[in-house]
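In full-length UniProt numbering, the protein residues as written are 1 to 310. These notes concern the structure reproduced below.
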């Protein structure tokens with residue numbers, strides 16, 4: 001038995017259990033009626049804008065795969081790439097370990113379009129780099145212009161340290177752009193080679209990637225109550241911290257982890273309203289895409305089975 005196969009699932013499960021215990025302790029005075037009241041208090045305009053934001057987020061995620069395929073130089077139909085990307089992220093966001101689970105789904109799908117294992121490996125790597133690059137860019141800008149965001153988690157003012165961290169993140173992004181301009185040598189791991197993206201590819205990464213994060217945070221922002229709302233930029237900062245920690249935890253769907261961190265970041269707001277907004281986020285960003293993604297998988301596998309039979 002290879003213990004490494006079970007290590008991260010165990011870590012993710014432990015993170016879920018621990019976070020749910022913390023969440024129960026944080027919300028033990030809130031009833032289901034309170035939560036339902038918070039959801040009912042969200043205006044129709046908030047629901048519509050949150051839904052539209054989720055569409056923009058997943059459209060941007062589809063751009064990840066389009067960028068990677070452009071880098072590889074492989075042509076796949078626009079509709080297939082969009083459906084594959086949507087399904088990949090809809091399932092991997094809920095399963096957890098999005099890089100690895102997403103690689104399996106992409107390999108199954110793109111293999112039917114002639115992509116090799118190495119092609120899919122490069123595609124997954126470029127998509128992961130796009131996400132990391134986007135997170136660094138968005139987080140760096142937030143920390144530079146809203147350094148008090150981290151104070152919400154620590155309770156201690158250290159604006160200089162926050163801004164310094166933001167500058168370092170932006171310098172990393174600048175170094176990535178500079179590396180593309182220099183045409184650095186490809187990264188080689190055995191027979192696997194990952195070439196540095198050209199500047200036009202990098203430009204697309206820096207445009208489309210952050211849009212996904214901005215739209216995902218907007219789902220929560222539009223569902224939050226107006227009372228004591230700190231504004232979109234702060235909500236974006238809290239979202240980036242919460243989403244990053246949820247990703248690192250390997251908890252399936254970031255269950256519990258995302259909520260605990262987000263509630264801590266917006267502790268000055270009514271927890272009922274925040275929890276209601278987080279439930280809206282899970283509905284539009286996780287649950288509905290998961291249902292649709294499973295439908296796409298079933299349709300795809302049925303079509304593949306019918307093709308093999310004929």
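Yeah, the Cβ is synthetic: ideal placement off N, Cα and C, and Gly gets one too.
DSSP three-state assignment for residue i, whether helix, strand or coil
| i | result |
| --- | --- |
| residue 276 | helix |
| residue 187 | strand |
| residue 143 | helix |
| residue 49 | helix |
| residue 194 | strand |
| residue 121 | helix |
| residue 260 | helix |
| residue 230 | coil |
| residue 126 | helix |
| residue 60 | helix |
| residue 75 | coil |
| residue 70 | helix |
| residue 158 | coil |
| residue 138 | helix |
| residue 303 | helix |
| residue 267 | coil |
| residue 41 | coil |
| residue 174 | helix |
| residue 82 | helix |
| residue 216 | helix |
| residue 87 | helix |
| residue 109 | helix |
| residue 251 | coil |
Supposed close pair residue i, residue j - CB separation, criterion 8 Å
| i | j | result |
| --- | --- | --- |
| residue 280 | residue 261 | No, residue 280 and residue 261 are not in contact; Cβ-Cβ is about 17 Å, not under 8 Å. |
| residue 149 | residue 163 | At roughly 11 Å, the Cβ-Cβ gap does not stay under 8 Å, so residue 149 and residue 163 are not in contact. |
| residue 58 | residue 86 | 6 Å |
| residue 265 | residue 238 | 3 Å |
| residue 133 | residue 205 | 6 Å |
| residue 138 | residue 210 | 5 Å |
| residue 135 | residue 244 | 6 Å |
| residue 220 | residue 277 | 5 Å |
| residue 50 | residue 284 | 6 Å |
| residue 76 | residue 70 | Their Cβ separation, rounded to whole angstroms, is 10 Å, which puts residue 76 and residue 70 out of contact at 8 Å. |
| residue 115 | residue 152 | Incorrect: roughly 44 Å between the Cβ atoms, too far for contact. |
CA-to-CA distance, residue j to residue i, given in whole angstroms
| i | j | result |
| --- | --- | --- |
| residue 255 | residue 35 | 17 Å |
| residue 1 | residue 104 | Because residue 1 carries a pLDDT of 48, less than 50, the predicted location of this residue cannot be relied on, and the following value inherits that uncertainty. Approximately 21 Å between the Cα atoms of the pair. |
| residue 94 | residue 32 | 24 Å |
| residue 275 | residue 292 | 24 Å |
| residue 228 | residue 282 | 22 Å |
| residue 79 | residue 53 | 21 Å |
| residue 88 | residue 55 | 15 Å |
| residue 232 | residue 300 | 39 Å |
| residue 216 | residue 142 | 15 Å |
| residue 120 | residue 173 | 24 Å |
| residue 222 | residue 47 | 7 Å |
| residue 307 | residue 194 | 34 Å |
| residue 258 | residue 62 | 23 Å |
| residue 140 | residue 288 | 31 Å |
| residue 161 | residue 147 | 8 Å |
| residue 113 | residue 159 | 50 Å |
| residue 187 | residue 37 | 53 Å |
| residue 83 | residue 176 | 29 Å |
| residue 218 | residue 212 | 10 Å |
| residue 247 | residue 286 | 14 Å |
| residue 249 | residue 111 | 30 Å |
| residue 167 | residue 203 | 20 Å |
| residue 263 | residue 303 | 44 Å |
| residue 273 | residue 214 | 21 Å |
| residue 109 | residue 251 | 25 Å |
| residue 45 | residue 39 | 13 Å |
| residue 298 | residue 106 | 15 Å |
| residue 165 | residue 171 | 10 Å |
| residue 314 | residue 230 | Because the chain here runs from 1 to 310, residue 314 falls outside it and cannot be looked at. |
| residue 169 | residue 81 | 31 Å |
Closest by C-alpha distance to residue i, when choosing among the options
| i | options | result |
| --- | --- | --- |
| residue 185 | 175, 196, 177 | 196 |
| residue 290 | 61, 90, 75, 80 | 90 |
| residue 118 | 112, 72, 141 | 72 |
| residue 270 | 114, 224, 44, 301 | 224 |
| residue 267 | 294, 212, 247, 235 | 235 |
| residue 130 | 66, 299, 53, 37 | 66 |
| residue 128 | 102, 110, 116 | 102 |
| residue 43 | 286, 226, 251, 248 | 226 |
| residue 294 | 92, 165, 45, 81 | 92 |
Below-9 Å beta-carbon distance, residue i vs any chain B residue
| i | result |
| --- | --- |
| residue 186 | Absence of chain B from the displayed structure is noted, only one protein chain being present. |
* To do: Examine the Cβ distances between the stretch 198-206 and the stretch 169-183 and report whether three or more of them are shorter than 8 Å.
  => yes
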